[in-house]
Amino acid sequence: MSRLICLFLLAVVAVVSSAPHEDLTKEHTAEVAQECKTETGATDEDVEHMMHHKPSDSHEGKCLRACMMKKFEIMDAAGKLNKERALEMVKILSKDDAAKEAAGADVVEKCEALEVPEDDCDAAAAYETCIVEHMHEHGLSLEEH
């Protein structure tokens, strides 16, 4: 489930291939994070915070998350959560665990309804906060996977 958060936050990636499960490796996520770091002017510390699910202290860190979310098609060009893509990733990351898949789907539902700022970077940070809070409500750990 922590990869789901990384994807939401990292905000998550240039062009998603036809086999989305291949995009969800730690290695690929790290590659995309480096691409987004360069694109947004984020620092190594911003990347580290994102990978450890810590809130960003900088606008660049928030933009790093937005970049990641857009690249993985979790966020659309208008800065809104792409529910369909998010649910696809929940299904993949829950690895046939029906309870985790249901909990993840509930998180997506709640966070999709969130009113977010117009600025995509701030929107990504708001989605991150929502996801983390609702995962905790479901008793899901960010470090499970």
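The sequence shown runs contiguously to residue 134 in this note's numbering.
Heads up, the beta-carbon is just placed ideally off N, CA and C, and yes, glycines get one too.
inquiry  = With three or more beta-carbon pairs closer than 8 angstroms as the criterion, would you say the region 43 to 58 touches the region 107 to 125?
reply    = Yes, since at least three Cβ pairs between the region 43 to 58 and the region 107 to 125 fall closer than 8 angstroms, the two stretches touch.
inquiry  = Out of Thr29, Phe61, Ile63, which one is the CA nearest neighbour of serine 47?
reply    = On the sequence shown, residue 47 is found 58 positions in, with the first residue counted as 1. Comparing C-alpha distances from serine 47 to each of Thr29, Phe61, Ile63 shows the shortest one belongs to Thr29.
task = Go through its chain and collect everything with a Cβ distance to cysteine 52's Cβ below 6 angstroms, but skip five positions before and after it.
result = Here the question's residue 52 lines up with position 63 in the sequence shown. If we look at cysteine 52 and ignore the five residues flanking it on each side, its Cβ neighbours are Thr29, Cys110.
query = With a CB to CB cut of under 6 angstroms and the five nearest residues on each side skipped, what residues in its chain are close to histidine 10?
reply = Residue mapping note: residue 10 aligns to position 21 of the sequence shown, counting from 1. Bear in mind that a pLDDT of 47 at histidine 10, under 50, signals an unreliable position, so the number given afterwards is only what the model happens to contain. Cβ neighbours of histidine 10 beyond the five flanking positions: Ile81.
ask   = Apart from the five residues on each side of it in sequence, which residues of its chain come closer than 8 angstroms, Cβ to Cβ, to threonine 118?
value = Taking the first residue of the sequence shown as position 1, residue 118 is located at position 129. Contacts found: Pro44.
ask   = Apart from the five residues on each side of it in sequence, which residues of its chain come closer than 7 angstroms, Cβ to Cβ, to aspartate 85?
value = Along the sequence shown, one-based indexing puts residue 85 at 96. Within its own chain, no residue has a Cβ closer than 7 angstroms to the Cβ of aspartate 85 once the five positions on either side in sequence are excluded.
query = Per DSSP, what kind of secondary structure is histidine 10 in: helix, strand or coil?
reply = Numbered from its first residue, the sequence shown carries residue 10 at position 21. Residue confidence for histidine 10 is low, a pLDDT of 47 falling below 50, so the modelled location carries little weight and cannot support an answer.
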